[in-house]
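So for the sequence shown, my numbering puts the first residue at 1; every next one is plus one. Virtual Cβ for every residue (Gly too), placed ideally from N, Cα, C.
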Amino acid sequence: MNRQVALVFLPSDSGVDGARSIYGENSVPGPLRWFNDTVRNLIKKTQFAIPPLALMILSSVEVPGVEQQICDLRFEPFPFDRQWDLVGISVQTGMASKAFALAGELRSRGIPVVLGGPHVTLFPETCRQHADILAIGEADDLWKELLTDLVRGTIRPEYRAENPPDLSIPRPVFRSSLKKNRYFTTNLIQTGRGCPYRCDFCNVHVLNGHALRQRRIGDLVEEVQRFREDDHRIFFFVDDSINADPSFALELFSRLEPLGIRWFGQATTALGQQPKLLDAFARSGCQALLVGIESIEPSSRDAHRKTQSRTEELAGNIKAIRNSGISLYGSFIYGLDGDTLGTPSAILDFIADTRLDVPGINILRPNPGTKVFDRLREEGRLLFNPDDLDSFRFTFGQEMLYRPKNIPLPDFIESYSTLTRKVFNTSNAIRRGLEAPSIKPAVLLFNLFYAHLYSLSRHDLQRQLQLLGEG
């Protein structure tokens, strides 16, 4: 009989997965609570969820005598009634408590648990007591070794990737364990890993290194061709900066142009100064890109090592990308160390000038394991216990995790709330949907959803102020 292995993906408590107050349904007034439920159901029905790529990759590792299944707990509870030989849980720091609780329940039933993912890689010692096995680092290679040992009955308490996997080796990804109709698309493609940049609020370069490690272009083209045979929906190139290596990206998307796919991805604003690559993106079917603007304050960009583009280049780059027919999601972080109470007005002017299709106004999240976390910890500015990583949560701008450098906390929350109220409302959502260069319905829906999510943010931030005794 084959060994049965479950790979578990946990839902977040906020954002598109949660779309609810982090203080519980009872904290939201009656009519608003009804609206929350309605919008949350709409979010699920429109299926903006995408499958967990890391678990897709692991479930594609084939070992004789092993069957693997992805259990996406965004859609269904964990199937405790099945006989599992091993359960793997991917752990993000913001959901570590939830992962540990599930692991405890499984182990109490005699089911061995392996914990892996970013949190385990960064903080393995905090996870040992919650697992039978730890998978530390990028698991592409070690997962096959672990599953082989499971079959042999020689499984060890720790598997560690001593070196990053060689991504030039063909590693086909299969999707047979996915229920495709649950997702916005299952066409997820990762061309490589690593990030050459050093933004202090990001952990991508901490986890995957600074060197770009790329898959072979021929393998990527084959994967796109294979994926589109059974899912004709849009593709998502998940790389954090798909234009980080312009020559690689130019060759890849030039070869993808004849396939006639539609796709979206993530890029730096420097794309606006890469005309050949921008043209290749547009010709190969690029519909939308997420760009990390983060800050338009030069002092904030310097303080947080956001060096990909100069401040004075940002607006021109964004206009160039939109003029090529690509819609843009522009992500900002308000509350960085160079920001002042004048920053929101500058953000509003920038959004109006560039006509961003979907602005994202985020609050800095000092992720444990990043330079900014270490610095804020040293400066005593964190609002959660830095020694208790379980107290850190991922939230959609619904909770302040630190004190801004130049702005008192009550003033910051008031200015953030005013900013999001001005950016996200029904009239702006309709206007942006109509003006978007492409995928107008998606732009409209995202703006409407964000109008709802930011209303939750304003509610929860005010509640937090009250709990801190500063409201």
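A direct Cα-Cα distance of roughly 5 Å separates ILE234 from TRP263.
Distance from the CA of ALA303 to the CA of LEU58, rounded to the nearest whole angstrom, comes to 38 Å. Inter-segment contact for the region 313–332 and the region 270–285 is present: three or more beta-carbon pairs are separated by less than 8 Å. In this structure, DSSP gives ILE361 an extended state, which the three-state scheme calls strand.
Secondary-structure assignment with DSSP links GLN214 through a beta bridge to GLY192.
A direct Cα-to-Cα measurement between PHE236 and GLY469 gives close to 44 Å.
Look at TYR23 here: in three-state DSSP terms it is coil, with no helix or strand label. Apart from the 5 residues on each side of it in sequence, ALA346 sits with its Cβ closer than 8 Å to the Cβ of ILE296, GLU297 in its chain, given in chain order.
Take GLY433, set aside five residues on each side of it, and the residues of its chain with a beta-carbon closer than 6 Å to its own are LYS440, VAL443, LEU444, in chain order. GLN287: member of the beta strand (DSSP E) spanning 286–294, first to last residue. Taking a 10 Å sphere around the C-beta of GLU294, we find 16 or more other C-beta atoms and assign the residue as buried. Taken atom to atom, the span from the alpha-carbon of PHE384 to that of GLU435 is near 41 Å. For the options GLY153, THR148, GLU105, LEU134, the alpha carbon positioned closest to that of ARG160 is the one of LEU134. Residue environment for ARG226: exposed (fewer than 16 other C-beta atoms within 10 angstroms of its C-beta). In the three-state DSSP reduction, TRP263 falls in the strand class (E or B). For a cut-off of 8 Å, the C-beta gap from SER241 to GLN266 is around 7 Å, short enough to register as a contact. According to DSSP, CYS199 shares a beta bridge with no other residue. TYR334: member of the beta strand (DSSP E) spanning 327–334, first to last residue.
With respect to the C-alpha of ARG431, the residue from ILE351, ASP374, ARG393 having the closest C-alpha is ILE351. Beyond the five residues adjoining it in sequence on each side, ALA249 comes within less than 7 Å, by CB distance, of ILE242, ASN243, LEU277 in the same chain, given in chain order.
The Cβ-Cβ distance between PRO368 and TYR402 does not fall below 8 Å. A residue is called buried once 16 or more other Cβ atoms fall within 10 Å of its Cβ, and LYS179, having fewer, is exposed. At a Cβ-Cβ threshold of 8 Å, VAL173 and SER60 count as neighbours. The shortest C-alpha to C-alpha distance from LEU465 to any of ARG198, PRO157, MET400 is the one to MET400. Every beta strand (DSSP E) of 3 residues or more that sits fully in the region 36–97 is shown, in chain order, as 66–72, 86–90. For VAL120, the closest alpha carbon among the candidates ARG322, PHE412, MET95, SER176 is that of MET95.
Assignment of beta-bridge partners to GLU399 by DSSP yields no partner. Going by C-alpha positions, GLU105 is about 32 Å away from ARG463. Annotation for GLY316: the continuous alpha helix (DSSP H) segment containing it runs 314–323.
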